[in-house]
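Counting from 517, one number per residue, gives the positions in the sequence shown under this note's numbering.
Quick reminder that beta carbons are idealized off the backbone N, C-alpha and C, glycines included.
See below for the structure under consideration.
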Amino acid sequence: MFLFGLASMSVPIVLTWNHLNVPGYVTFNKLTQRWDFIGEVTLKDSFLFLNYFMAVFSVLSLIINSILLKFICCAAQFNKKKQVEIHLIVFTFIEAIVQCAGVAISFARVFDEDQHLADYAFYLPYVSDALSMHQAVLLFCFSVNLRRQILGAILCRKKNLVIEPAHYQANRARIMKEMPSVG
Numbered sequence: 517m518f519l520f521g522l523a524s525m526s527v528p529i530v531l532t533w534n535h536l537n538v539p540g541y542v543t544f545n546k547l548t549q550r551w552d553f554i555g556e557v558t559l560k561d562s563f564l565f566l567n568y569f570m571a572v573f574s575v576l577s578l579i580i581n582s583i584l585l586k587f588i589c590c591a592a593q594f595n596k597k598k599q600v601e602i603h604l605i606v607f608t609f610i611e612a613i614v615q616c617a618g619v620a621i622s623f624a625r626v627f628d629e630d631q632h633l634a635d636y637a638f639y640l641p642y643v644s645d646a647l648s649m650h651q652a653v654l655l656f657c658f659s660v661n662l663r664r665q666i667l668g669a670i671l672c673r674k675k676n677l678v679i680e681p682a683h684y685q686a687n688r689a690r691i692m693k694e695m696p697s698v699g
């Protein structure tokens, strides 16, 4: 898993560096009175390989997530509290949908010869940001402890925001009950 994550982050960086070293030259444009860089390869063609790389790693990621999902489903059968496992299953499905949507948008932007996406170009950054920020929203929806802490901080019920696991809170409550009150 660690090697998969390391490869998925480092390979695009290395491959991009190789493609940034493109031959080109600088000329002075007398009409506009500025220097222009003219490359022999367009950036769209130069970075086209990243779309295929993204598609391959998305397929690998979906395979790994489906295998992990099978283990989560097996663990849910033996666990009395299935709520956590159900949340993980839903989270995994949403992750897969978002990942497929990201790949589809990237391919559509590159291979859109009829320029159908040009009409929606204004909305694409918002869709991309929504796809990027969905994990925080899902975490807020599924984690009761995190939701309680964040809402307490937003509504000024707490002065500081400390997110603790639920068993820490239960232990603190038990200790506070056992302590004699001074009075």
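- In the DSSP assignment, residue 575 forms no beta bridge with any residue.
- In summary, residue 588 is buried, with 16 or more beta-carbon neighbours lying within 10 Å of its beta-carbon over all protein chains present.
- Between the stretch 614-631 and the stretch 647-657 there are three or more C-beta pairs closer than 8 Å, enough to call the two in contact.
- Per DSSP, the unbroken alpha helix (DSSP H) holding residue 658 starts and ends at 640-658.
- For residue 552, the enclosing beta strand (DSSP E) has its first and last residue at 550-555.
- Here the C-alpha atom of residue 654 lies approximately 15 Å from the C-alpha atom of residue 665.
- Separation of residue 549 and residue 540 (C-alpha to C-alpha, rounded to the nearest whole angstrom) is 20 Å.
- The Cβ atoms of residue 585 and residue 610 do not sit closer than 8 Å to each other.
- Between the alpha carbons of residue 545 and residue 574 lies a distance of about 43 Å.
- Residue 541: member of the beta strand (DSSP E) spanning 540-545, first to last residue.
- A direct Cα-Cα distance of roughly 10 Å separates residue 636 from residue 643.
- Nearest to residue 603 by alpha-carbon distance, out of 671, 659 and 572, is 659.
- Rounded to the nearest angstrom, the Cβ distance from residue 571 to residue 619 is 6 Å, consistent with a contact under 8 Å.
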